[in-house]
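Residue numbers (the numbering used here): 706 to 1059. These notes concern the structure reproduced below.
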Ligand SMILES: [Zn+2]
């Protein structure tokens, strides 16, 4: 019996981080959630341009496909290359052949060229937030598949949060937002509870005390890596999906990790929960149910079996009758070209960060 699945879904990605691997060490070793953002991610996103965004997304999408992941919900930020950034990511995903749901994460944390870690709720909407909202609006108006992105409430004024929620309503889509990832965003639940809708994508919710509306995107590896704590996704009243928060898109591996993290917290947990979180991603991309992914192991007949069989590789991916991956090799694009161009873009990026 061959083990096949539908196409897998990464429910929260940052394709712009594909070239972060090998980047120069941060100026100081981060010792808190905020200093991880300040010293790593907010320096990286400020160094992006449209060419780097494209090749980073192409590499991330190609690596996703080679892991049987045929659909990605992405959250993007590039404060000095906002306009057109979602088109660049869309083109890269289309070239590779994976479905995508994109958004630009708006924030008020930039004042001109300088960055602030927290933004007072009462402050006014910044120019950067206005430009980010315009990029979401432009992309969605042009027929792009996506949501309205918000970085997180602790870097946004109330005006920006409310305007983002309104824009999402106008487009009949949800808001894709990081919520209470670290203790610094502890007010997120109070600030968002009257804005959130069922179609919102709530990312992390590690430090969220109350239920708010929306699907939860759980990212176990990222939460461990940032030492922010365990989200306990099984307490969430609505759907849970699995994401990677930018650390690749090997979703079978993320499912195994979600299971053992769940088990560490609760000895009675079974891998059925993590498997259901993985499968829930299909609600965002019905087309993945028609994909056929074949794996290098032929008896994975239950979530228990998958959970205890590390190293299962994706052998082939067929989408709408077209073979996208055969014997582990992509057939519709030149992987060597993507790797070469991504390596050039990474050199430029890393020089800017040095
Ligand atoms: Zn994220």
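Idealized CB from N, CA, C, for every residue including glycine.
Taking the Cβ of residue 923 as the reference point, every heavy atom of ligand 1 lies at 7 Å or farther away. If you draw a straight line from the Cα of residue 1024 to the Cα of residue 986, it comes to about 17 Å.
Those residues that bring their Cβ nearer than 6 Å to a heavy atom of ligand 1 are 717, 719, 780, 883, 908 and 950. Scanning the stretch 826–909 from its first residue to its last, the whole beta strand (DSSP E) runs of 3-plus residues come out as 853–857, 880–884 and 906–909. In its chain, beyond the 5 residues on either side, 766 and 805 have a beta carbon closer than 6 Å to the beta carbon of residue 798.
Rounded to the nearest whole angstrom, the C-alpha separation of residue 790 and residue 1026 is 31 Å. Annotation for residue 744: no beta strand (DSSP E) segment contains it, and DSSP assigns it neither H nor E. For the alpha helix (DSSP H) assignment, the uninterrupted runs of no fewer than 4 residues enclosed by the stretch 743–790 are, from N- to C-terminal side, 747–751 and 755–770. When DSSP states are grouped into helix, strand and coil, residue 1005 belongs to the coil group. Of the residues assessed, residue 829 falls on the exposed side of the cut-off, its CB having fewer than 16 other CB atoms within 10 angstroms. Boundaries of the beta strand (DSSP E) around residue 718: 713–718. Collapsing the DSSP output to three states places residue 991 in a helix. In the structure shown, residue 1041 adopts helical secondary structure according to DSSP, grouped into three states. Residue 793 is not a Cβ neighbour of residue 1054, given a cutoff of 8 Å. Residue 837 and residue 1056 have their C-alpha atoms spaced approximately 26 Å apart.
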